[in-house]
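Numbering (the working numbering), first residue to last: 581 to 1091.
Put into structure tokens, the structure is as follows:
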């Protein structure tokens, strides 16, 4: 093309400087025309603890979506963001084995590990990683025994489709260890880890670096503006419950805000020019897709095996009950009272505490509803057990202050109580909110010891309750190694009818 125009220009009268200018323009045009465009697609989702739901779809619908894109495009990356091994009713029995089995059928390129994937602690997560046909990535933890990453977990990976290489990082925030009672690992500084690992991935040949994460205390947009990572993938189906959360504005920050959503991310760039990357994405809803027959059978098989056991009728509630996330994490709750009362009764304690984050069903039960074993297990999916110990009035006051220290952000540390009544001021500063504490109708005495029932999770410092770690554990009559869910089931079954209500145990003062 260039030689043709040169000969043409020679045949006509054109000033030399204009001839040079035209030739340069032609060369630029030719180079741009010949530049090869590269394209890839990423399918991303997470937070799928339930294997099949009527209202928000599940793995059968996700399988259909993946087949649709894999059939029409070549370079399809499926990045699963984790947060799914637990908690759920079925995971409480098999510790998430069924989730990995189903994911193996969907063939993710990688799974980013989140703090929720530690629902059954470190050793169980390691076991799940060896059952998976895809890599687990968590970049900012260290196993205190080996001084390396947790067994089976990678600091980072490079995944490849066609000739395209994507580096993958995943991080958790530094409160994850205390929130989930993790003793074996230490969480490393997320910001420092991202910078180091992203540089290493590029040195290893990654075309782009992506980051997934879990936690609400990590500020990440600077890593995009500084080109340390190329895009960030995140899903938080409960983000709307928190107050004061600013949504990211960077175009390469993919943020899903509904539990039924999947992100379809289109990447376009010029060959050998990764800095020309253009990212466009949109969210699709799983219920809009049909169910894949093979994965549906897999899901149904799991559900059928346990249906007889899970459908066992336990007992009736004469009152309405709401276990939605905001209800159990920000205020006194009837179901929370029921659990705390059952714990107090089982151990013979003076008082009982249950952290709101233990309750996960997110359901509404009408008056005269008959509970099934499956419903109670879904409400209390963690494998927590009860502990009886002693606590001073002073430390109990510290615990109540901690419980109401971050109510606006709907944290699981909020306590449901039995044998305790207290008030707290919404407007007063942290550590000075709680007042009018009564223990079984008597004022709290700071130097008095009280027998207290709580979960093993709490006494080990879970959710930041470090004041419980030094508590002496006590034996009690009829002590057995029962799960909290089974204790509640026995409590309801014995009574046959329960009538839990909000009774003024926790009062929020707004003035």
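Each residue gets a CB set at the ideal place from its N, CA and C atoms; glycine is no exception.
{"query": "For the structure I just gave you, are there three or more beta carbon pairs, one from the region 957 to 975 and one from the region 1042 to 1061, closer than 8 Å?", "result": "yes"}
{"query": "Please give the ranges of any beta strand (DSSP E) in the region 701 to 758, keeping only runs that are unbroken, at least 3 residues long and fully inside the region.", "result": "721 to 723, 737 to 741 and 744 to 752"}
{"query": "Express the C-alpha separation of residue 960 and residue 742 in angstroms, rounding to a whole number.", "result": "44 Å"}
{"query": "Can you name the residues that DSSP bridges to residue 625?", "result": "660"}
{"query": "Which class does residue 617 belong to by DSSP, given the choice of helix, strand or coil?", "result": "strand"}
{"query": "Would you be able to state if there are at least three C-beta pairs under 8 Å between the region 890 to 901 and the region 1067 to 1081?", "result": "yes"}
{"query": "Give me whichever residues DSSP pairs with residue 970 in a beta bridge.", "result": "1031"}
{"query": "Using a Cβ-Cβ cut-off of 8 Å, state whether residue 979 counts as contacting chain B.", "result": "The displayed structure is made up of one protein chain only, and chain B is not part of it."}
{"query": "Whose CA, out of 802, 796 and 805, lies closest to the CA of residue 824?", "result": "796"}
{"query": "Roughly how many angstroms lie between the CA atoms of residue 890 and residue 635, to the nearest whole one?", "result": "20 Å"}
{"query": "Which partner residues does residue 1000 have in the DSSP bridge list?", "result": "1019"}
{"query": "Going by beta carbon distance, what residues of the same chain come within less than 7 Å of residue 819, once the five residues before and after it are set aside?", "result": "825 and 837"}
{"query": "How should residue 916 be labelled, buried or exposed, when 16 other C-beta atoms within 10 angstroms of its C-beta is the threshold for buried?", "result": "buried"}
{"query": "Helix or strand or just coil, what does DSSP make of residue 680?", "result": "helix"}
{"query": "Name the two residues that bound the continuous beta strand (DSSP E) containing residue 950.", "result": "949 to 952"}
{"query": "Within 10 angstroms of the Cβ of residue 699, are there 16 or more other Cβ atoms? Answer buried if so, exposed if not.", "result": "buried"}
{"query": "Check this for me: beta carbons of residue 690 and residue 767, under 8 Å apart or not?", "result": "no"}
{"query": "From what residue to what residue does the beta strand (DSSP E) around residue 784 run?", "result": "First-last for residue 784: undefined, no H or E at that position."}
{"query": "Do residue 799 and residue 661 count as a contact pair if the criterion is CB distance below 8 Å?", "result": "no"}
{"query": "To which residues of the same chain is residue 929 closer than 7 Å at the C-beta, ignoring the five residues directly before and after it?", "result": "968, 1031, 1032 and 1033"}
{"query": "Exposed or buried, which one is residue 735 when buried takes at least 16 other CB atoms within 10 Å?", "result": "buried"}
{"query": "Please classify residue 984 as buried or exposed, where buried requires at least 16 neighbouring CB atoms within 10 angstroms.", "result": "buried"}
{"query": "Measuring CA to CA, which of 833, 724 and 1027 is closest to residue 807?", "result": "833"}
{"query": "Would you call the region 1035 to 1051 and the region 748 to 759 touching, i.e. three or more CB-CB distances under 8 Å?", "result": "yes"}
{"query": "Determine the extent of the beta strand (DSSP E) in which residue 1072 is found, giving its start and end residues.", "result": "Segment 1064 to 1075 is the alpha helix (DSSP H) holding residue 1072; no beta strand (DSSP E) there."}
{"query": "Nearest to residue 693 by CA position, among 639, 625, 853 and 650, is which residue?", "result": "625"}
{"query": "Let me check one thing: in DSSP terms, what residues is residue 790 bridge-paired to?", "result": "748 and 811"}
{"query": "What would DSSP say about residue 571, mapped onto helix, strand or coil?", "result": "For residue 571 there is no data in the structure shown, the boundaries of the chain being 581 and 1091."}
{"query": "Report yes if the CB atom of residue 765 is closer than 8 Å to the CB atom of residue 702, and no otherwise.", "result": "yes"}
{"query": "From the DSSP output, read off the bridge partner residues of residue 841.", "result": "865"}
{"query": "Out of 843, 769 and 855, state which residue places its alpha-carbon closest to the alpha-carbon of residue 809.", "result": "855"}
{"query": "Look at the alpha carbon of residue 1017 and the alpha carbon of residue 1000, and state the distance between them as a whole number of angstroms.", "result": "7 Å"}
{"query": "Identify every residue that forms a DSSP beta bridge with residue 893.", "result": "952"}
{"query": "At a cut of 8 Å, does the region 711 to 718 reach the region 676 to 683 through at least three beta carbon pairs?", "result": "yes"}
{"query": "Would you grab the beta carbon distance between residue 998 and residue 931 for me? Rounded to a whole angstrom, and I think it's under 8 Å.", "result": "6 Å"}
{"query": "What residue range is occupied by the uninterrupted beta strand (DSSP E) comprising residue 927?", "result": "Counting along the chain, residue 927 falls outside any beta strand (DSSP E), though it belongs to the alpha helix (DSSP H) covering 914 to 927."}
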